[in-house]
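In the UniProt record's numbering, the protein residues as written are 1 to 178. Even for Gly, the Cβ is constructed at its ideal location relative to N, Cα and C. Have a look at the structure below, then the notes.
Right, here's the structure in full:
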């Protein structure tokens, strides 16, 4: 008989569980998670834009309310306080990117992986707009610094992808560059 003791059965069960875990760990399922991450980022971006429009509308309503209070009260003190509050509110939204980081997810562009994204950040390229603004000379210098072949950025259409992503057209980007 092949397995006769409880210890042998325990070792067999342990080997089966280890093989099952190894199979799960080595399964090529990364694409599914990347797609889910991109979908979640798009939903998060839409939520941020909706909040930004609501904040702008709220600031506009507060300015109107303060103006009406000023007209009703006829005092200059209310106007000064309202102007300071509006400036403070407007100043809090001048940051860019998520949570004030001032950068975009450059790895969403096909052809940019994690290492390339880090190299771009070290070179000061942190946003989609910065990629769009690259001149042909800057593009050639960047390709040389990154060790890419000449024309790779143009071939992979980084500028077009960055424009779509900057404008929030994630679905169009996914359709054209998937």
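Continuous alpha helix (DSSP H) stretch holding residue i: start and end
i           : result
residue 166 : 158 to 166
residue 179 : Any property of residue 179 remains undetermined from this structure, which presents the chain solely from 1 to 178.
residue 144 : 136 to 146
residue 176 : 170 to 177
Spatial neighbours of residue i in its chain, beta-carbon cut-off 6 Å, leaving aside the 5 residues before and after
i           : result
residue 170 : 42
residue 174 : none
residue 177 : 110 and 161
residue 112 : 106
residue 19  : none
Where residue i sits in the DSSP three-state scheme
i           : result
residue 10  : helix
residue 78  : Unreliable positioning characterises residue 78 in this predicted model, as indicated by a pLDDT of 46, which lies under 50. A coordinate reading is not provided.
residue 124 : coil
residue 195 : It is not possible to answer for residue 195, since the shown part of the chain is limited to 1 through 178.
residue 25  : helix
residue 51  : helix
residue 46  : helix
residue 73  : helix
residue 110 : coil
residue 115 : helix
residue 104 : coil
residue 149 : coil
residue 133 : coil
Cutoff 8 Å; reference residue i; Cβ partners in own chain excluding five residues on either side
i           : result
residue 45  : 168 and 170
residue 166 : 104, 127, 128, 129 and 132
residue 3   : 9 and 12
Cβ shell of residue i (< 7 Å), same chain only, five flanking positions each side left out
i           : result
residue 146 : 116 and 119
residue 150 : 140 and 143
residue 164 : 172 and 173
residue 152 : 143
residue 108 : 38 and 165
Short CB-CB distance (under 8 Å) between residue i and chain C
i           : result
residue 112 : In summary, chain C is missing from the structure at hand, where a single protein chain is found.
Practice item. Determine, using beta-carbon pairs with one atom in the stretch 132 to 139 and one in the stretch 6 to 14, whether at least three such pairs fall under 8 Å. Key: Touching, no, given that fewer than three Cβ pairs across the two stretches are closer than 8 Å.
Practice item. Count the C-beta pairs between the stretch 54 to 65 and the stretch 121 to 128 that are closer than 8 Å, then say yes if the count reaches three, no if not. Key: Result no; under three Cβ-Cβ pairs closer than 8 Å.
Practice item. Count the C-beta pairs between the stretch 153 to 167 and the stretch 27 to 40 that are closer than 8 Å, then say yes if the count reaches three, no if not. Key: With a cut-off of 8 Å, the stretch 27 to 40 and the stretch 153 to 167 do not count as touching, because too few Cβ pairs lie within range.
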